[in-house]
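The structure appears right after this line, and notes come after that.
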Amino acid sequence: MFGFIGMLIVGGIIGWIAGGIMGKDIPGGILGNIIAGIVGSWIGGKFFGQWGPELGSIYIFPALIGSIVLIAIVLIFLRLLRK
């Protein structure tokens with residue numbers, strides 16, 4: 001529907017929402033949010049399948065859950081590196 005640019009926009013929004021839910025943003029600002037949203041949508045699609053509304057070739061609910069999991073893993077990894 002949107003193509004590649006739409007997928008980047010939707011991925012950025014998903015990553016931003018996931019960061020808001022977690023209370024922490026992924027490092028990297030807007031680019032980090034886009035990466036978290038796109039990689040999170042891939043993770044969510046693999047573990048939770050394709051269900052819910054689709055926007056920009058991304059299924060919203062699995063992408064959001066996958067992005068939250070990705071942000072949690074990145075934050076845990078960064079916390080371990082700081083010690």
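Mapping of the sequence shown onto UniProt numbering: residues 1 to 83, in sequence order.
Glycine included, C-beta positions come from ideal geometry on N, C-alpha and C.
Please read these numbers as outputs of a predicted model, since none were measured by experiment.
For residue j and residue i, believed in contact at Cβ under 8 Å, the rounded distance
i	j	result
glycine 37	glycine 11	3 Å
isoleucine 76	lysine 24	Incorrect: roughly 11 Å between the Cβ atoms, too far for contact.
glycine 6	glycine 40	Contact doesn't hold; Cβ gap of about 16 Å is too wide.
isoleucine 68	isoleucine 21	6 Å
Outcome for residue i when other beta-carbon atoms lying within 10 angstroms are tallied against a minimum of 16
i	result
alanine 18	buried
isoleucine 73	exposed
glycine 3	exposed
For residue i, three-class secondary structure by DSSP
i	result
isoleucine 30	helix
glycine 6	helix
Chain-order list of residues whose beta-carbon lies under 8 Å from that of residue i (same chain, five-residue window excluded)
i	result
phenylalanine 48	Phe61, Pro62, Ile65 and Gly66
Cβ shell of residue i (< 6 Å), same chain only, five flanking positions each side left out
i	result
asparagine 33	Gly12, Gly15 and Trp16
leucine 55	Val10
glycine 45	Pro62
Length-filtered (4 minimum) alpha helix (DSSP H) runs lying within the region 9-79: 29-48
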